[in-house]
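*Asks:* Would you mind keeping the following structure in view while I ask a few things?
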């Protein structure tokens with residue numbers, strides 16, 4: 241009976257406190273002006289081809305130790321590509337000091353999934369965050385550390401060396 245009571249209590253505990261996650265949950269959001277500019281940019285050409293944007297300015301809010309909020313303030317159009325890809329994107333979106341800026345690219349077919357190439361590029365570039373826009377209001381965000389953690393989990397099960 242005591243085990244049932246503890247299990248029931250766990251169902252109503254706060255998610256962050258109850259799960260005791262070993263990492264911070266990050267929410268990526270937009271400032272209203274930046275979101276409207278990005279929606280217009282998507283409508284302009286993203287139905288025909290993929291377009292790559294560099295995220296030039298963002299703010300980070302640490303609301304608690306378990307949650308973090310990133311607010312995108314400004315993007316710039318970097319380049320466009322074919323219907324299903326932007327060539328050499330991994331070399332683009334660098335700050336003046338050489339640091340890699342977050343990238344956001346559109347999926348012209350509306351697919352919100354990260355392709356294998358997207359995952360490899362995100363892990364290799366190790367920018368603060370990267371994303372896909374797959375509609376005027378639809379965004380998927382990814383973090384290099386998450387991709388590397390998944391890869392390490394798979395490789396370590398098979399006895400390989402961790403991904404750096």
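Numbering (the working numbering), first residue to last: 241 to 404. Glycine included, C-beta positions come from ideal geometry on N, C-alpha and C.
1) What does residue 405 pair with, by DSSP beta-bridge criteria?
2) Comparing C-alpha positions only, which one of 360, 319, 306 sits nearest to residue 389?
3) Just to confirm my understanding: we take residue 394, look at its own chain, exclude 5 residues before and 5 after, and list those with CB closer than 7 Å. What are they?
4) From residue 289 to residue 335, what does the alpha carbon distance come to, in whole angstroms?
5) If you reduce the DSSP assignment to three classes, tell me which class residue 382 lands in.
6) Starting from residue 313, trace the alpha helix (DSSP H) in both directions and tell me its first and last residue.
7) Taking DSSP as the reference, what is the three-state secondary structure of residue 273?
*Replies:* Let me spell this out:
1) Lying outside 241 to 404, the shown extent of the chain, residue 405 is not represented and no answer is given.
2) 360
3) none
4) 25 Å
5) Strand at residue 382.
6) Premise fails: residue 313 lies in the beta strand (DSSP E), 307-320, not in any alpha helix (DSSP H).
7) helix
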